[in-house]
Amino acid sequence: MGMPAGELISANAPDLRVPFRHIITAVIIFVLLTSLLFLGQGHIFSFYFRNPLALLATHATTLGWATMMIMGAAYQLVPVVLEVRLFSEKLAMSGYYLFTVGLVVLLAGFTWLHIPILVAGGTLVILGSYVFIYNLTRTLLLAPRWNVTATFLGAALFYFFLTITLGLILALNLQAGFIPSAVLRVVAVHAALGGMGWFTLAIMGVGYRLLPMFALVHRLPNLLAMPIFWLANLGIAGTAVALTAPGIAGAGVASLFVIALAAAVILFGVDVWRIVSRRQRARLGLTMRFSLAAVGYLVALAVGASVVLSTRLSFHGAATALPMGFAFLFLMGWVTAMIMGHLFKIVPFLVWLDRYSDKIGKQKVPLLREMVNERLGEWTFWLYNVGVIGAGISVLGGITTFRSLFLGVTAAASYLFAFNVLTVFRGPRQVTVREKG
Amino acid sequence: MARKVEVDNRGLEPPEPMVRILEALEKLGPDDILVAINDRRPFFLYPQLDERGFIHRTEEREDGSFEITISRGGGKQGEHRG
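Next up, the structure:
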């Protein structure tokens, strides 16, 4: 291989309108979502099975915020990382419209638990998602060199496909009731595939690429990445089978799969720590802080889940409080903190690139750090995490007074975050004269 | 006389390597060659080099960093030399 592929391809990444549209839509949904969690908390956290507002909040988070964002980021990142052109930019745009229109219909369907609307919206969301999965899979298959990020993303796409397909089956089941018994087990499989298979593997894959880059850590071998990948897959697939067919895999075997998942999560925490401790700059940037917090949530949840399962922990209201609290901390802690941290870097960088890359050397261009308000970002970091930890503990313990306060803090932090990220699109805050030379 | 201009970008945070390369290229003489050393393949630089009519070649060095050799393309845009 005398000639690296990098020189052969110049503009691999798609038109920046593709990721920008996804990012802006997702941030708007995020703000609406934290407002809904604050205003509708009495209903949302009361029970989860067929609770319209809980279903609305969960799917606004998973599809509207997290999936929307991962789709936008993947369209931008995968071509750059894998040195291929995106299979189809047109498909990316049509997928976005199908998904977004479908999402609005789907969320309306959840709000009123109106099954025909739910199924119609769900079908559009699924079509939009299939378009994304197809587009990205074709792109991955074109890659001249495979790497850790591609491996994690490939598996994540497969789990995403399973999750949404199962989701539509569950929506149809609301009407027809063809799933014989223990629908909750199927709901649990849907949640496990989506949470660990889709979000966690996708975020880990992207993290393996971006975290070393943001920390300026170079040439650090990924010794743990593949063991983590196989442990996680064993855990996800095993948990799904154990939940679907409890007769085949007894409780003992099932808890082994959860331990495999927990081990994968803890090893990933070790890897992130390796990256952070080798960083070139003494100061921890916003992205690294948010990422560390996110991994902290995930590790705490993995340890917590292992303890709950092995001790068969039970208390008054545990059947509602435990799944609700775990889901809240997983989505708002692990998934959201990781996304927020990365957006603080990705959005300024892409906007900067879009506006100024053709002007560099010819005229003064702003510095990257002038694109985003770091101080406001630091406030957001503390507010957001205090809010999420407080609200998570309140949900787990059924403490409604404090829950209200902490969900308010979480919502306030999300407004600061949205303001900070969306104003990046308006251009730099102030242009300092660049020192030449 | 042709000069060889060297830009060492190791340890710099993106997009600083790209800025330094493009700024140095603006001062590059017609027959000069610019050799940059980056920690990573500069994916976002390539479209700019093509647009500005430079010829470039990237090679991975033994220590895992990348050496990018850039010269003026003599007016022919987007051409690469192997």
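Keeping their order, the protein sequence lines are chains A and B. Take 1350 as the starting number for the first sequence in my numbering and just add one per residue. Take 501 as the starting number for the second sequence in my numbering and just add one per residue. Every residue, glycine too, gets a C-beta built ideally from N, C-alpha and C. Predicted model only: the values in this text are computed from it and were never measured.
Proximal residues to residue i (C-beta, below 7 Å), its chain only, five neighbours per side dropped
i, result
"A:Ala1642", "Ala1686 and Asn1734"
"A:Gln1390", "Arg1752, Ser1753 and Leu1756"
"A:Pro1697", "Leu1717, Met1720, Val1721 and Val1773"
"A:Phe1459", "Pro1401, Leu1404, Leu1405, His1408 and Leu1467"
Minimum C-alpha distance to residue i - residue among the options
i, options, result
"A:Val1737", "A:Val1684, A:Ser1706 and A:Thr1660", "A:Val1684"
"A:Leu1627", "A:His1665, A:Leu1565, A:Met1575 and A:Trp1579", "The identity of residue 1627 of chain A in the sequence shown is Arg, whereas the question assumes Leu. Ranking A:His1665, A:Leu1565, A:Met1575 and A:Trp1579 by Cα distance to A:Arg1627 puts A:Leu1565 first."
"A:Val1450", "A:Gly1645, A:Thr1488 and A:Ala1469", "A:Ala1469"
"A:Trp1461", "A:Arg1494, A:Thr1486 and A:Leu1404", "A:Leu1404"
"A:Tyr1446", "A:Ser1478, A:Ala1612, A:Ser1384 and A:Ser1604", "A:Ser1478"
"B:Arg552", "B:Glu526, B:Pro517, B:Glu516 and B:Gly511", "B:Glu526"
"A:Phe1548", "A:Val1614, A:Pro1595 and A:Gln1524", "A:Val1614"
"A:Pro1595", "A:Val1714, A:Ala1537, A:Thr1660 and A:Phe1398", "A:Ala1537"
"B:Arg524", "A:Val1744, A:Lys1711 and A:Thr1750", "Here residue 524 of chain B turns out to be Ala, not Arg, going by the sequence shown. Per the Cα distances, A:Lys1711."
"B:Phe554", "B:Val535, B:Glu562, B:Arg541 and B:Glu560", "B:Val535"
"A:Ala1670", "A:Val1714, A:Arg1704 and A:Ala1740", "A:Ala1740"
"A:Leu1511", "A:His1539, A:Arg1724 and A:Ile1373", "A:His1539"
"B:Phe544", "B:Pro517, B:Gly564, B:Gly511 and B:Gly573", "B:Pro517"
"A:Thr1472", "A:Ala1767, A:Trp1495, A:His1371 and A:Leu1515", "A:Leu1515"
"B:Pro514", "A:Ile1742, A:Met1562 and A:Gly1413", "A:Met1562"
"A:Pro1529", "A:Arg1494, A:Thr1593 and A:Gly1543", "A:Thr1593"
"A:Ile1577", "A:His1567, A:Ala1611 and A:Leu1605", "A:Ala1611"
"A:Phe1387", "A:Val1474, A:Thr1750 and A:Gly1776", "A:Thr1750"
As assigned by DSSP and simplified to three states, the class of residue i
i, result
"A:Leu1793", "The requested residue 1793 of chain A does not occur in the structure, where chain A is confined to residues 1350 to 1786."
"A:Pro1368", "helix"
"B:Arg557", "strand"
"A:Glu1356", "Only weak support exists for where A:Glu1356 lies, its pLDDT of 34 falling under 50; the coordinates are left without a value."
"A:Arg1783", "Legend: pLDDT at A:Arg1783 = 49, less than 50; position of this residue unreliable, value from coordinates given subsequently. Three-state DSSP puts A:Arg1783 in coil, outside helix and strand."
"A:Lys1439", "helix"
"A:Phe1766", "helix"
"A:Arg1638", "helix"
"A:Met1350", "In this prediction, A:Met1350 scores a pLDDT of 33, lower than 50, which makes its location untrustworthy; the coordinate-derived value is nonetheless stated afterwards. Three-state result, A:Met1350: coil."
"B:Leu463", "With chain B covering 501 to 582 only, the question about residue 463 of chain B has no answer from this structure."
"B:Asp550", "helix"
"A:Arg1704", "helix"
"B:Glu513", "coil"
"B:Arg541", "coil"
"A:Arg1494", "coil"
"A:Lys1694", "helix"
"A:Ile1528", "coil"
"A:Val1773", "helix"
"A:Arg1399", "coil"
"B:Gly575", "Note on B:Gly575: pLDDT 49, under 50, position unreliable in the model; the coordinate value appears next. Note: B:Gly575 maps to coil in three-state DSSP."
"A:Met1418", "helix"
"A:Ala1612", "helix"
"B:Arg581", "Low local confidence applies: a pLDDT of 45 at B:Arg581 is under 50, so the model's placement there is unreliable, with the coordinate-based value given in what follows. B:Arg581: coil per DSSP, three-state reduction."
"A:Glu1629", "According to the sequence as given, residue 1629 of chain A is Gln; it is not Glu. DSSP places A:Gln1629 in coil when its eight states are reduced to three."
Same chain only: Cβ atoms within 6 Å of residue i, ignoring 5 sequence neighbours per side
i, result
"A:Leu1402", "Gly1389, His1392 and Ile1393"
"A:Ala1504", "Leu1550"
"B:Leu549", "His556"
"A:Gly1618", "Val1644 and Val1648"
"B:Asp531", "Ala502"
"A:Gly1546", "Tyr1508 and Ile1585"
"A:Ala1603", "Ala1591"
"A:Val1497", "Tyr1557, Asn1571 and Ala1574"
"A:Leu1745", "Ala1670 and Gly1674"
CB of residue i within 8 Å of CB of residue j, strictly
i, j, result
"A:Leu1635", "A:Gly1682", "no"
"A:Pro1368", "A:Gly1421", "yes"
"B:Val505", "B:Ile521", "no"
"A:Leu1692", "A:Val1770", "yes"
"A:Leu1765", "A:Thr1729", "yes"
"A:Val1453", "A:Leu1491", "no"
"A:Leu1560", "A:Ile1624", "yes"
"A:Tyr1397", "A:Met1637", "no"
"B:Ile537", "B:Glu562", "no"
"A:Met1417", "A:Ile1378", "yes"
"A:Ala1415", "A:Ile1688", "yes"
"A:Ala1609", "A:Leu1650", "no"
Cβ-based neighbour list, residue i, same chain, cut-off 8 Å, excluding 5 preceding and 5 following
i, result
"A:Leu1502", "Ala1423, Val1427, Leu1485, Leu1489, Leu1550, Ala1551, Gly1554 and Val1555"
"A:Val1607", "Gly1584, Thr1588, Ala1654, Ser1655 and Leu1658"
"B:Tyr546", "His556"
"A:Arg1661", "none"
"A:Asp1364", "Glu1438"
beta-carbon residue i near the ligand PLP non-hydrogen atom, thresh 7 Å
i, result
"A:Phe1606", "The ligand PLP is not part of this structure, which contains no ligands at all."
* Asked: Just by C-beta distance, which residues in the stretch 544 to 558 of chain B are closer than 8 Å to chain A?
  -> Correct list: Phe544, Tyr546, Pro547, Gln548, Leu549, Asp550, Glu551, His556, Arg557 and Thr558.
* **chain B contacts from the stretch 1680 to 1711 of chain A (Cβ-Cβ distance under 8 Å)** => Answer set for the stretch 1680 to 1711 of chain A: Phe1698, Trp1701, Leu1702, Ser1706, Asp1707, Ile1709, Gly1710 and Lys1711.
* **Members of the stretch 1423 to 1452 of chain A that neighbour chain B once the beta carbon cut-off is set at 8 Å** => Those residues of the stretch 1423 to 1452 of chain A that come within reach of chain B (Cβ to Cβ, closer than 8 Å) are Val1429 and Glu1432.
* Asked: Using a Cβ cut-off of 8 Å, which residues of the stretch 1553 to 1570 of chain A contact any Cβ in chain B, in chain order?
  -> Residues of the stretch 1553 to 1570 of chain A with a C-beta atom less than 8 Å from some C-beta of chain B are Met1562, Leu1565, His1567 and Arg1568, listed in chain order.
* Near-chain B residues of the stretch 1613 to 1636 of chain A (beta-carbon distance less than 7 Å), N- to C-terminal order -> For the stretch 1613 to 1636 of chain A, the set of positions with a beta-carbon nearer than 7 Å to some beta-carbon of chain B reads Gln1629 in chain order.
* Asked: Along the stretch 528 to 539 of chain B, what residues have a CB closer than 9 Å to any CB found in chain A?
  -> The residues in question are Asp539.
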